[in-house]
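Colleague: Sharing a structure below in structure tokens format, with a few things to ask.
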Ligand code: PRP
């Protein structure tokens with residue numbers, strides 16, 4: 001599909017995202033004020049959300065990055081999570097918050113949380129910008145959610161279409177309608 005020829009429906013505007021990210025940052029700052037917050041961002045998808053979210057967190061925070069992949073350029077998860085790059089940090093005793101752009105089947109988040117648990121953190125929770133609960137393949141409820149969305153293929157603000165369009169500053173759905 002050539003998405004340039006299709007109508008794009010905005011699901012989360014730039015204003016929606018700014019507002020909700022500030023709310024999440026405030027909540028996380030309160031919840032972790034007496035803890036040792038360590039944010040682990042899952043690349044590539046969460047690079048923009050993480051950058052915006054941590055700037056709304058006003059307590060000390062460490063940052064680490066992991067690169068995972070399960071979709072490739074497909075719209076369906078392969079079901080196999082590839083860790084392309086693990087964290088190099090010692091997270092023992094820290095309160096980990098895994099940040100991702102979206103939870104769909106939740107296979108990625110579930111795998112990553114189990115993987116990080118083996119590194120002996122004090123606690124581990126997760127925060128996602130978008131949650132698509134109808135698509136779950138494993139039982140997981142994210143601790144912090146920006147927006148719950150329907151079962152639509154979403155692009156923008158870190159989410160890709162054929163590894164492009166991650167730089168679009170809002171989240172959109174590609175409709176079947178021609179422009
Ligand atoms: C996407 C997204 C999440 C994951 C969510 O990553 O960024 O990490 O899929 O899907 P799930 O809940 O069904 O596991 P992808 O594997 O496409 O890699 P990317 O981050 O490079 O886009």
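Numbering (UniProt numbering), first residue to last: 1 to 179. Ideal placement from N, C-alpha and C gives every residue a C-beta, glycine not left out. Remember, predicted model here, so these are calculated numbers, not experimental data.
1. With DSSP run on the structure shown, which of helix, strand or coil describes residue 173?
2. Just to confirm, is the Cβ distance from residue 99 to residue 43 under 8 Å?
3. Answer yes or no: does any C-beta atom of chain D fall closer than 8 Å to that of residue 9?
4. Please name the residue or residues paired with residue 9 in a DSSP beta bridge.
5. Look at the alpha carbon of residue 123 and the alpha carbon of residue 162, and state the distance between them as a whole number of angstroms.
6. So the candidates are 91, 51, 84, 40; which of them puts its Cα closest to the Cα of residue 63?
7. If you reduce the DSSP assignment to three classes, tell me which class residue 180 lands in.
8. For residue 160, tell me which candidate among 20, 59, 71 has the shortest Cα-Cα distance.
9. Just the Cα atoms here: how many angstroms apart are residue 158 and residue 52?
10. Quick test of the definition: if touching needs 3 or more C-beta pairs under 8 Å, does the region 98-113 touch the region 134-154?
11. Just to confirm before moving on: does the CB-CB distance between residue 156 and residue 171 stay below 8 Å?
12. What separation, rounded to the nearest whole angstrom, lies between the Cα atoms of residue 2 and residue 45?
13. Count the other CB atoms, across all protein chains shown, that sit within 10 Å of the CB of residue 34; report buried if there are 16 or more and exposed otherwise.
Modeller: The answer reads as follows:
1. The DSSP-derived three-state label of residue 173 is strand.
2. Not in contact: residue 99 and residue 43 (Cβ atoms no closer than 8 Å).
3. Note that chain D does not occur in the displayed structure, where there is just one protein chain.
4. Looking at the DSSP output, residue 9 bridges to 173.
5. As the crow flies, the alpha-carbon of residue 123 is around 35 Å from that of residue 162.
6. Put simply, of 91, 51, 84, 40 the residue whose alpha carbon is nearest the alpha carbon of residue 63 is 40.
7. Lying outside 1 to 179, the shown extent of the chain, residue 180 is not represented and no answer is given.
8. Checked all of 20, 59, 71; the closest Cα to residue 160 is 71.
9. Answer to the nearest angstrom: the Cα atoms are 11 Å apart.
10. The region 98-113, when compared against the region 134-154, does touch it at the 8 Å Cβ threshold.
11. It is a contact, given that the beta carbons lie within the stated cut-off.
12. For residue 2 and residue 45, the distance between alpha carbons rounds to 21 Å.
13. With fewer than 16 Cβ atoms within 10 Å of its Cβ, residue 34 is classed as exposed.
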